[in-house]
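Student: Residue numbers (my numbering): 254 to 364. Note that CB positions come from ideal geometry on N, CA and C, so glycine has one too. Please see the structure below; I have some questions.
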């Protein structure tokens with residue numbers, strides 16, 4: 254089954270939910286000074302690409318490590334919503350023109 258990586262880079266420009274802490278990155282060690290590189294990360298647990306665990310909203314909900322990883326692999330459609338505004342509703346009739354039906358090769362859509 255072909256796959257598609259949906260992750261986004263994690264840096265200071267990463268959008269966060271209003272009220273959540275911003276993503277901050279700073280060097281903790283550098284190649285020049287320490288011979289290796291380590292980055293100090295400060296971010297909320299919902300920064301960047303992630304899956305909300307039931308424990309996020311349910312007191313006794315499961316954490317992600319309680320699910321098998323294959324639970325998160327499934328058939329899907331790629332929908333280009335890049336022209337949509339933040340929190341703009343997407344109506345069902347708009348989806349047809351946005352679905353990419355290109356064949357997937359090695360996880361990439363045909364151009």
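Straight-line CA distance for residue 333 to residue 340?
Tutor: Cα to Cα, the separation comes out at about 15 Å.
Student: Does DSSP classify residue 295 as helix, strand or coil?
Tutor: Correct three-state label for residue 295: strand.
Student: How many Å lie between residue 265 and residue 296 at the Cα?
Tutor: Spanning the two alpha carbons is a distance of roughly 10 Å.
Student: Just to check my reading of the structure: residue 269 and residue 262 have Cβ atoms closer than 8 Å, yes? What is that Cβ distance to the nearest angstrom?
Tutor: That pair is no contact at about 14 Å.
Student: So, for residue 343: in the same chain, excluding its five sequence neighbours on each side, which residues have a beta-carbon less than 7 Å away from its beta-carbon?
Tutor: Result list for residue 343: 334 and 337, in chain order.
Student: Here's a check: name, in chain order, each residue in its chain whose Cβ is nearer than 7 Å to the Cβ of residue 294, leaving out the five neighbours to either side.
Tutor: The answer, listed in chain order, is 278.
Student: Taking the runs of the alpha helix (DSSP H) that are 4 residues or longer, which of them lie wholly in the region 255-337?
Tutor: Entirely contained in the region 255-337, the alpha helix (DSSP H) runs reaching 4 residues are, in chain order, 284-287.
Student: What residue from 311, 273 and 323 has the CA that sits closest to residue 300's CA?
Tutor: Considering only alpha carbons, the answer is 273.
Student: By the three-class DSSP mapping on this structure, what secondary structure does residue 346 have?
Tutor: Helix at residue 346.
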